[in-house]
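Protein chains in written order, with this note's numbering: chain A, 1 to 180; chain B, 181 to 367.
For glycine and all other residues, C-beta sits at the position ideal for the given N, C-alpha and C.
Just so you know, these numbers come straight off a predicted model, no measurement behind them.
First the structure, in the form of structure tokens, and then the observations on it.
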Amino acid sequence: MSETAEARLAAFVRRRSEADFRALYHALTPGMLGLAMRLCGGERASAEDIVQESWFRAVERMDRFEAPGSVVRWLNGFVVRCWSEARRATIREEATDAAVLDTLAPPDASAWSESPVLLQAVYSLPEGYRAVLVLHDVEGFTHAEIAERLGIDEGTSKSQLSRARRKLRERLSVSMENRE
Amino acid sequence: MMSGTDLDEWTPDEANALAALRTPADPSPDLYGRVRAAFGRRGAFEKPGRRWLVPLAVAAAIVLAYVAGLRAAADPVSVSGPQYAFFLLNRPEARWPDSVSQAQIVEEFRLWAQPLAVSGRLALGDELAGQRRLVDLTSVRTGDPAEGLSGFFVVTAPDDSAAVELARTLPHVRQGGVVAVQRLLAR
Chain A
1 MSETAEARLA
11 AFVRRRSEAD
21 FRALYHALTP
31 GMLGLAMRLC
41 GGERASAEDI
51 VQESWFRAVE
61 RMDRFEAPGS
71 VVRWLNGFVV
81 RCWSEARRAT
91 IREEATDAAV
101 LDTLAPPDAS
111 AWSESPVLLQ
121 AVYSLPEGYR
131 AVLVLHDVEG
141 FTHAEIAERL
151 GIDEGTSKSQ
161 LSRARRKLRE
171 RLSVSMENRE
Chain B
181 MMSGTDLDEW
191 TPDEANALAA
201 LRTPADPSPD
211 LYGRVRAAFG
221 RRGAFEKPGR
231 RWLVPLAVAA
241 AIVLAYVAGL
251 RAAADPVSVS
261 GPQYAFFLLN
271 RPEARWPDSV
281 SQAQIVEEFR
291 LWAQPLAVSG
301 RLALGDELAG
311 QRRLVDLTSV
321 RTGDPAEGLS
331 GFFVVTAPDD
341 SAAVELARTL
351 PHVRQGGVVA
361 VQRLLAR
């Protein structure tokens, strides 16, 4: 998959044809959209806006993509940055107080009504918690990568993750109790 | 499922369950169309360097035409009549075929401009280069380079209909571009 994606990207950079872009788009957009959906708490319209903007930025910079490298990882970096900018989710040190973050409203419950329990619990996390947890525990980003893409420092990323995990446990406990 | 003793760490099962959330999502059918439409406006589906082909050709042709015009100035031709501005407007769908070289495009514009320069009917013309800035009282924005003006000419023509006919002969128009024709206010 990854080799194919890189070959497709190289073909598009070389020829700039729509056919090459269409192949690249169809191969990679589902992964980008999946990430955007998780960051957006399941809000599809917002996620698709982020993917659209991510493609713009990626195409503008495609001739600067340095192989060898993961095209998927590179594109996902645009998704995270676009999400961060769109949501103004600059998770600064002074905003990491759990009480402050807990005041943020969870997303519309209708967005995750058909999702499994764990995903619902992730979606219900405050935005700042959700972002770090999704990037670290779901996507496999390092704290250094998260810090760079969200404009925070690594210490903030680590403390956010710790709080996010505790909050996720709480949400899952509540969810399971409600089921019993 | 979430049974770790340390609340900050996941058990292997918990970590696997979270990693399993990394699933793709099918985009809406219209998303590609939205991306495609915006890319077309930004000129993304063009080989690097071809975006400015037409304005560069206009500039080169005007230089060549003026050289011819200056030679002709030794025997100036008396030309009277109103002056018209031809504004060459970019259009995303207007493209020169890839088979046409830059030199061929310059030659097309030179062939159009040179007779006008020689006869004294070409008063002015140039490429519009660099970033286009959209300015109002409170902001300055950068315009989309794929839209707006790419160049202009000022020519002398007997009347409005003659100016329109002359504009129709521009290579820019033959390739699908649009030219705005307006008479200059006589002073």
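| Query | Result |
| --- | --- |
| Do the stretch 14 to 24 of chain A and the stretch 189 to 208 of chain B meet, that is, are 3 or more Cβ pairs less than 8 Å apart? | no |
| Please confirm if the stretch 125 to 135 of chain A is in contact with the stretch 160 to 174 of chain A, defined as three or more CB-CB distances below 8 Å between the two stretches. | yes |
| What would DSSP say about Q368(B), mapped onto helix, strand or coil? | This structure does not reach residue 368(B), given that chain B is present from 181 up to 367, and the question cannot be answered. |
| Could you pull out every unbroken beta strand (DSSP E) segment of at least 3 residues lying fully inside the stretch 133 to 172 of chain A, listed in chain order? | none |
| Anyone know if the C-beta pair for P207(B) and L33(A) falls short of 8 Å? | yes |
| How is the beta strand (DSSP E) around L317(B) delimited, first residue to last? | Element bounds for L317(B): n/a, residue is neither H nor E. |
| Rounded to the nearest angstrom, what separates G42(A) and L118(A) at their Cα positions? | 13 Å |
| Rounded to the nearest angstrom, how far is the Cβ of V72(A) from that of R149(A), given a contact under 8 Å? | That belief does not hold up - the Cβ atoms of V72(A) and R149(A) are roughly 15 Å apart, past 8 Å. |
| Taking all protein chains shown into account, do 16 or more other C-beta atoms lie within 10 angstroms of the C-beta of D108(A), making it buried, or fewer, making it exposed? | Because the pLDDT at D108(A) is just 43, under 50, the model does not fix this residue reliably, and the value given afterwards should be weighed accordingly. Exposed is the call here. |
| Could you name the residues that DSSP lists as bridge partners for V334(B)? | A265(B) and L304(B) |
| When you compare the CB positions of V351(B) and W292(B), do they come within less than 8 Å of one another, or not? | The displayed chain sequence assigns Pro, not Val, to residue 351(B). Cβ distance < 8 Å, so P351(B) and W292(B) count as in contact. |
| Using 8 Å for Cβ pairs, my map puts L75(A) next to A58(A). What's the rounded Cβ distance? | 6 Å |
| Taking Cβ positions only, does R202(B) come closer than 8 Å to chain A? | yes |
| Roughly how many whole angstroms lie between the Cα atoms of S54(A) and T142(A)? | 21 Å |
| Quick check on A366(B): does DSSP put it in helix, strand or coil? | coil |
| Among T336(B), P262(B), V215(B) and R313(B), which one has its Cα closest to the Cα of V298(B)? | T336(B) |
| Measuring straight from C-alpha to C-alpha, what distance separates R44(A) and F65(A)? | 28 Å |
| Which residues in the same chain have their Cβ closer than 7 Å to the Cβ of G261(B), if we skip the five residues on either side of it in sequence? | T336, A337 and P338 |
| Could you check what DSSP says for R313(B) in three-state terms: helix, strand or coil? | strand |
| Taking a contact to mean a Cβ-Cβ separation below 8 Å, would you say A347(B) touches V361(B) in this structure? | yes |
| For chain B, is any of its Cβ atoms less than 8 Å away from the one on G34(A)? | yes |
| Within the continuous alpha helix (DSSP H) that includes E43(A), where are the two ends? | Segment: none, E43(A) is in no alpha helix (DSSP H) and carries neither H nor E. |
| Just how far apart, CA to CA, sit R290(B) and L314(B)? | 31 Å |
| I'd like to know whether the C-beta of L186(A) is nearer than 8 Å to at least one C-beta of chain B. | The requested residue 186(A) is not part of the displayed model; chain A covers only 1 to 180. |
| Find the residues of chain A that neighbour P214(B), judging by a C-beta separation of less than 7 Å, and give them in chain order. | Rather than Pro, the amino acid found at residue 214(B) in this sequence is Arg. Correct list: Q52. |
| Tell me, to the nearest whole angstrom, how far the beta carbon of A205(B) is from that of M37(A); I am working on the premise that it is less than 8 Å. | 5 Å |
| Considering only residues of the same chain and omitting the five flanking positions on each side of A366(B), which have a CB-CB separation below 7 Å? | P262 |
| Buried or exposed for F12(A), going by 16 or more other Cβ atoms inside 10 Å? | buried |
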